[in-house]
């Protein structure tokens, strides 16, 4: 997982700048997303907006062994990826970290994406390319949301839907000042730096 390229001062400054923007109160959950390229595209978007941790839940498909490297541009090595095969275990882990869990699901009681408060500790759940989020997961969540659309086709590709959603979170969080000061500190920061493959002189 480490990047073994030479750690120049410029590279160190770059990585420190990225770490200072990482967000600990926003995550993405992918449930039974089958195409590794879709997962990798989501990873690339998560990295772009400063999401550090993502959750991958596979209950009906095999555990993923690799991601589509062309889609992710190697974003996976900069993220903390949690994989689960049990819904309850996944949700237990999420509840320890996030105040609200929202699923993407077209229903009569679904909220508009742009009405959600995404400055809270929030997990956004995206489902399988064909069947969407499972009923079990929907039943455990705090609510559903939809991305408003006015076209004939009422769905978006999973990676596009995720990008639209997390960039709305990015917008809200920037306005709220969440990117103005580092969220990862102390031992957590040191551990992540070690994983990222660089050390600084004392």
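In the working numbering, the protein residues as written are 2 to 203.
Every residue gets a Cβ at the ideal spot worked out from N, C-alpha and C, and that includes glycine.
Here the structure is a predicted model, which means the values were calculated and not measured.
Rounded separation between residue i and residue j - CA only
| i | j | result |
| --- | --- | --- |
| residue 62 | residue 20 | 33 Å |
| residue 142 | residue 10 | 44 Å |
| residue 1 | residue 163 | The shown model of the chain, from 2 to 203, leaves out residue 1, and the question about it has no answer. |
| residue 187 | residue 16 | 16 Å |
| residue 33 | residue 185 | 29 Å |
| residue 134 | residue 154 | 18 Å |
| residue 119 | residue 12 | 31 Å |
| residue 189 | residue 44 | 21 Å |
| residue 47 | residue 54 | 9 Å |
| residue 51 | residue 122 | 14 Å |
| residue 95 | residue 27 | 11 Å |
| residue 195 | residue 18 | 16 Å |
| residue 1 | residue 89 | The question about residue 1 has no answer, for the chain in this structure spans 2 to 203. |
| residue 179 | residue 23 | 9 Å |
| residue 193 | residue 177 | 25 Å |
| residue 49 | residue 157 | 20 Å |
| residue 14 | residue 181 | 17 Å |
| residue 167 | residue 8 | 31 Å |
| residue 40 | residue 75 | 12 Å |
| residue 171 | residue 132 | 27 Å |
| residue 198 | residue 82 | 17 Å |
Own chain, CB closer than 6 Å to residue i, minus 5 neighbours either side, in chain order
| i | result |
| --- | --- |
| residue 241 | Residue coverage of the chain in this structure runs from 2 to 203, which leaves residue 241 outside it and unanswerable. |
| residue 128 | 32, 134 |
Local conformation of residue i per DSSP, three classes
| i | result |
| --- | --- |
| residue 173 | helix |
| residue 166 | helix |
| residue 185 | coil |
Beta-carbon proximity of residue i to residue j, cut-off 8 Å
| i | j | result |
| --- | --- | --- |
| residue 165 | residue 139 | no |
| residue 29 | residue 58 | no |
Same chain only: Cβ atoms within 7 Å of residue i, ignoring 5 sequence neighbours per side
| i | result |
| --- | --- |
| residue 64 | 84, 86 |
| residue 117 | 103, 146 |
Other residues of its chain near residue i: CB distance less than 8 Å, five sequence neighbours each side excluded
| i | result |
| --- | --- |
| residue 80 | 44, 47, 48, 52, 53, 54, 55 |
For the stretch 14-99, list the beta strand (DSSP E) runs that are entirely contained and at least 3 residues long, ordered along the chain.
-> Qualifying beta strand (DSSP E) stretches, in chain order: 27-32, 54-58, 81-85.
Runs of alpha helix (DSSP H) wholly within the stretch 88-156 (minimum 4 residues, chain order) | As far as the stretch 88-156 is concerned, its whole alpha helix (DSSP H) runs of at least 4 residues are 88-98, 136-141.
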